[in-house]
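Encoded as structure tokens, the structure appears first; notes follow it.
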Amino acid sequence: LYVESPLSAGLEFALPEDAARHVQVRRLQPGDDLRLFDGAGGEWLAKVTRMGKRDVDVRVDAHEAADRELPFDLEVALGMPTNERMDALIEKATELGVAAIQPLQTERSVLRLDGDRAARRVAHWQAVAVGASEQSGRTRVPVVAPVRSLGTWLAAQPDPAPHAGRFVMSTGSAPPLARAVSGVPAGRWLALSGPEGGLTADEEAAAAARGFTRVSLGGLILRADTAPLAWLAQMAVLLSS
Ligand code: SAM
Numbered sequence: 005l006y007v008e009s010p011l012s013a014g015l016e017f018a019l020p021e022d023a024a025r026h027v028q029v030r031r032l033q034p035g036d037d038l039r040l041f042d043g044a045g046g047e048w049l050a051k052v053t054r055m056g057k058r059d060v061d062v063r064v065d066a067h068e069a070a071d072r073e074l075p076f077d078l079e080v081a082l083g084m085p086t087n088e089r090m091d092a093l094i095e096k097a098t099e100l101g102v103a104a105i106q107p108l109q110t111e112r113s114v115l116r117l118d119g120d121r122a123a124r125r126v127a128h129w130q131a132v133a134v135g136a137s138e139q140s141g142r143t144r145v146p147v148v149a150p151v152r153s154l155g156t157w158l159a160a161q162p163d164p165a166p167h168a169g170r171f172v173m174s175t176g177s178a179p180p181l182a183r184a185v186s187g188v189p190a191g192r193w194l195a196l197s198g199p200e201g202g203l204t205a206d207e208e209a210a211a212a213a214r215g216f217t218r219v220s221l222g223g224l225i226l227r228a229d230t231a232p233l234a235w236l237a238q239m240a241v242l243l244s245s
């Protein structure tokens, strides 16, 4: 179970609401073991010390260096597909080990979000990432960044890039991803992928001008919520072999 605040041996505390609900659903009892993680690496073994009606107290015992994370950071920025597809994408990308997700408003984005609605959506997506992290045994929770426009986001990309590679996923005639990845098995990698209607030629050109390499994931057209997942899966293989 994920706990946002830092954990340490001997710490006794009441689990946050979501985590407490999980423990209630699993019908754990005082004295039962559970595993917690705070995103700082590894897991903590803990024991339930008290079960209230809604609240659950635990005591943290020992740290375990269980690290199942990828040894590199894969970051995805994408033109938002519809709400429901975004939820599925965040869940699956988390399972595939994504480090960060940047939802973008692009010219052809189907989902249009701003202000409070955008903030509520991002909080919801972050909760989806927490749930998927717990489910898949991750020890880090991917960060879902606030919604930004593609233009603002591209302009804010640091130069020189902190990434080993930055790619824009293109359905046009672009070299295959495998040819663009040099096999450096570490560092940060970033992919920009389009919404249902794709990126416009101008948007692709703007990304290229910021140092993004145009790459293809194969000859078939993948849906907006499939392309980032295919990139994650291909990168995991390319950087591990
Ligand atoms: N008609 C649109 C086009 O041709 O660009 C389709 C867009 S596709 C549904 C959504 C996004 O997924 C694209 O903008 C692209 O970033 C990415 N994508 C889909 N298939 C891809 C492929 N085979 N290789 C690279 N990127 C792909």
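Going by full-length UniProt numbering, the letters in the sequence shown line up with residues 5 to 245, in that order.
By construction, the Cβ of each residue, glycine as well, lies at the ideal position given by its N, Cα and C atoms.
Query                                                                                                           : Result
Where S137 falls, given that 16 or more other Cβ within 10 Å makes a residue buried                             : buried
Host beta strand (DSSP E) of S51 (start-end)                                                                    : At residue 51 the sequence reads Lys, which differs from the Ser that was named. Where K51 is concerned, the enclosing beta strand (DSSP E) stretches over 47 to 55.
Beta-carbon spacing of A178, R125 below 8 Å                                                                     : no
The segment 202 to 209 in contact with the segment 58 to 70 per 3-pair CB rule at 8 Å                           : no
Start-to-end residues for the alpha helix (DSSP H) that takes in I94                                            : 87 to 99
E200 beta carbon near ligand 1 (any heavy atom closer than 7 Å)                                                 : yes
C-beta contact flag for D61 and T143 at 8 Å                                                                     : no
Ligand 1 heavy atom lying under 7 Å from the CB of I94                                                          : no
Same chain only: Cβ atoms within 8 Å of D77, ignoring 5 sequence neighbours per side                            : A103, A104, G191, R192, W193
Inter-residue spacing [alpha-carbon to alpha-carbon] between R227 and Q106                                      : 17 Å
Cα-Cα separation between L15 and V27, rounded to whole angstroms                                                : 18 Å
With 16 other Cβ atoms within 10 Å as the buried cut-off, status of G198                                        : buried
Start-end ranges of the beta strand (DSSP E) lying completely within the segment 107 to 181, minimum 3 residues : 169 to 173
Residues bridged to V219 [DSSP beta-bridge criterion]                                                           : M173
Whole runs of the beta strand (DSSP E) within the segment 179 to 208, excluding any shorter than 3 residues     : 192 to 197
Nearest candidate by alpha-carbon position, reference L19, set S12, L5, R31, A13                                : L5
Anticipated Cβ contact below 8 Å, R170 with G215, distance rounded                                              : 6 Å
Coarse secondary structure for L226, derived from DSSP in three states                                          : coil
C-beta atoms of L233 and L181 nearer than 8 Å                                                                   : no
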